[in-house]
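These notes concern the structure reproduced below.
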Amino acid sequence: MRIKGSVPLNGTIEISGAKNLALPVLVATLLTDDKIILKNVPHLSDITSLLDLLTYLGTVYNFQQNGTIELLTKSLKTTEAPYDYVRKMRASILVLGPLVAKYKEAKVSLPGGCAIGARSVDLHIKALRQMGTEISIDNGYINAKAPKGLTGCDIIFPIATVTGTENIIMAAVLAKGTTNIINAAMEPEIVAFCDLLNCMGASISGQGTSTIVVNGVESLHGTEFTIIPDRIETGTFAIAAAVTNGKLFLKNCKYSHLASFFETLFLTGVVHEEKEDGLIVYRKSEKIKPVDIQTAPYPGFPTDLQAQYTVLMSLCKGAASITENIFENRFMHIPELTRMGANISVHGKTAVVTGVNKLNGAPVMATDLRASVSLLIAGLVAEGETIINRLYHIDRGYENIDEKLRNCGANIERFSV
Ligand code: EPU
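Yeah, the sequence shown ends on 419 if you go by the numbering used here, and it's all consecutive.
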């Protein structure tokens, strides 16, 4: 992607459906033999990867351009999720819970390493064992069997894990008795995910708090459901508006899903106006004010917006510290930003960012989804030309990003070499 920077973004960007809700929701369709209709599903390569895995398992689907998808899993072909599918996308581990719950067995490849950290799935495995699953790890695969079905119990997560919570909810909806998930993740995607399952006939309460109670039911049925807007996409474009000193209307986003993030942005001098169907975001103060942040599980500052926020702080008047508490290797954007003129030093899990007057365009390398988009934002504000390599990372999680930005004045083009 070639970006010619120093252009303020002005206009309207329509926020797509949330990737991190669409993924577990697609998997949850395995829990019923009925048809599920989902609306507002983003067209992303991560969604395609998951649909490939579901097709392999036996799901038939029809995905329309407008984001509506119909899925039906009438007869499962296999309970095995092979390495080739799982390695492309870690969220594939989500099939473990529903396969064991409904089909009493699963063989799922361990996801392996990941660019942003070790990201173990030990908590998923431990919780499933507690519910009565026999699990062995052989040749890189999780072999899970629950011939007598699963039984509800108290699951206490030592860390609030998003996909771990989702996996165990899917296991618990068809288990015997009640499962209490303690220290559950509280993200808006978790709340919406439980809403979907309740529409399918599950009995879940407490979603959005740290204790989720799931009463097992005999079976689930079909439904129709709309994916909520992507709060990370919203936050990413809010920062892009602020950094370029432009003004964006972020259509269809939800302020309440990002309230604490916008409170932080306000302290940096970035304001928002709430409209009926979205938010207008722009910078009120001429200078960007430094504000320290620490990433934390929801409702704290999202790790998925840390890299983008680092770009904002790299142009602040003063210095700010950014502490990454969720993943151990999520500063991969920093050496690249430094090559663009940012002044950042890393001390363990804290980056100290001293503001500079401007960034300069440079050829940079994308490493993971959020690091890549932070380089794109840096390119939008930098003087001169930025070329981002390995774009496929961005396409995993941002729908039509170049078109959305071009419509707001960005000078961006894709090319192949
Ligand atoms: N963890 C363990 N053991 C486990 C599970 C998690 O040690 O069994 C640790 C992780 O290594 C990490 C922490 O717990 O240090 C939290 O990880 P979590 O399980 O919550 O992450 P995840 O479910 O794998 C989801 C999102 C990520 C997002 C994180 C944190 C999806 C598909 N992915 O990952 O999204 O960063 O929650 O909010 O929902 C992204 O979209 O770019 C992305 C990486």
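The beta carbon of each residue, even a glycine, is placed where N, CA and C say it ideally should be.
Check	Outcome
Say whether chain B places a C-beta atom closer than 8 Å to the C-beta of Thr31.	Absent from the structure is chain B; it holds one protein chain and no more.
Could you check which residue in Leu176, Ile282, Thr266 has the C-alpha nearest to that of Thr312?	Thr266
Grab the span of the beta strand (DSSP E) containing Ala353 for me, first residue to last.	352-356
Can you tell me which of the three DSSP states Gln308 falls into?	helix
In three-state DSSP terms, what is Cys196?	helix
With DSSP as the reference, label Thr2 as helix, strand or coil.	As displayed, the chain neither begins before 3 nor continues past 419, which places residue 2 out of reach and without an answer.
Looking at Arg233 and the ligand SAH, is the gap between the Cβ and the nearest heavy atom below 7 Å?	Among the ligands in the structure shown, the ligand SAH does not appear; only the ligand EPU can be found there.
Cβ of Arg121 within 7 Å of any heavy atom in the ligand EPU?	yes
Should the segment 150-158 be called in touch with the segment 192-201, which here means at least 3 C-beta pairs below 8 Å?	no
Throw me the rounded Cβ distance for the Phe268 and Tyr257 pair, which I believe falls under 8 Å.	That belief does not hold up - the Cβ atoms of Phe268 and Tyr257 are roughly 12 Å apart, past 8 Å.
Using a threshold of 8 Å, state whether the C-beta atoms of Cys410 and Ile15 are closer than that.	yes
If you draw a straight line from the alpha carbon of Gly224 to that of Asp36, how long is it in whole angstroms?	5 Å
According to DSSP, is Asn345 part of a helix, a strand, or is it coil?	strand
Rounded to whole angstroms, what's the CA-CA distance from Asn391 to Met367? Just pull it up for me.	5 Å
Nearest by alpha-carbon distance to Met315: which of Cys201, Thr246, Ser138 is it?	Thr246
Give me whichever residues DSSP pairs with Ile71 in a beta bridge.	Leu40, Phe65
Under a Cβ-count criterion, where at least 16 other Cβ atoms within 10 Å of its own Cβ denotes burial, should Phe427 be classed as buried or exposed?	Because the chain here runs from 3 to 419, residue 427 falls outside it and cannot be looked at.
Sorry if obvious, but does the Cβ on Leu125 come closer than 7 Å to a heavy atom of the ligand EPU?	yes
Where Thr82 and Ser323 are concerned, what is the direct C-alpha to C-alpha distance, given to the nearest angstrom?	Here the sequence assigns Glu to residue 82, which means Thr is not the residue at that position. Answer to the nearest angstrom: the Cα atoms are 45 Å apart.
Answer yes or no: the CB of Leu198 versus the heavy atoms of the ligand EPU, is any distance below 7 Å?	no
Between the Cα of Ser122 and the Cα atoms of Ser347, Met334, Ile328, which residue gives the shortest distance?	Ile328
Cutting at 7 Å between CB atoms, please list the residues of its own chain near Lys76, excluding the five before and the five after it.	Asp35
Name the two residues that bound the continuous beta strand (DSSP E) containing His274.	272-277
Residues in its own chain within less than 8 Å of Lys109 by CB, not counting five upstream and five downstream?	Thr81, Glu82, Ala83, Tyr143, Ile144, Asn145, Ala146
Gly399: beta carbon under 7 Å from a heavy atom of the ligand EPU?	yes
Whose C-alpha, out of Met91, Pro301, Cys255, Thr297, is nearest the C-alpha of Pro280?	Note that residue 280 is Gly in the sequence shown here, rather than Pro. The option with the nearest alpha carbon to Gly280 is Cys255.
With DSSP collapsed to three states, give me the class of Pro113.	coil
From which residue to which residue does the beta strand (DSSP E) around Ser323 run?	321-325
Just checking my contact of Ile229 with Gly19 at CB under 8 Å: how many whole Å lie between their CB atoms?	4 Å
Give me whichever residues DSSP pairs with Glu385 in a beta bridge.	Asn362
Could you tell me whether the segment 205-221 touches the segment 236-252, where touching means 3 or more Cβ pairs closer than 8 Å?	no
In terms of DSSP beta bridges, what is Gln296 paired with?	Thr325
Applying the 10 Å Cβ sphere with the 16-neighbour rule, what's the burial state of Tyr87?	buried
Going straight from the alpha carbon of His349 to that of Ala177, what length do you get?	46 Å
Out of Glu415, Asn64, Leu96, point me to the one whose CA is closest to Leu33's CA.	Leu96
Would the beta-carbon of Ala187 be found less than 7 Å away from any heavy atom of the ligand EPU?	yes
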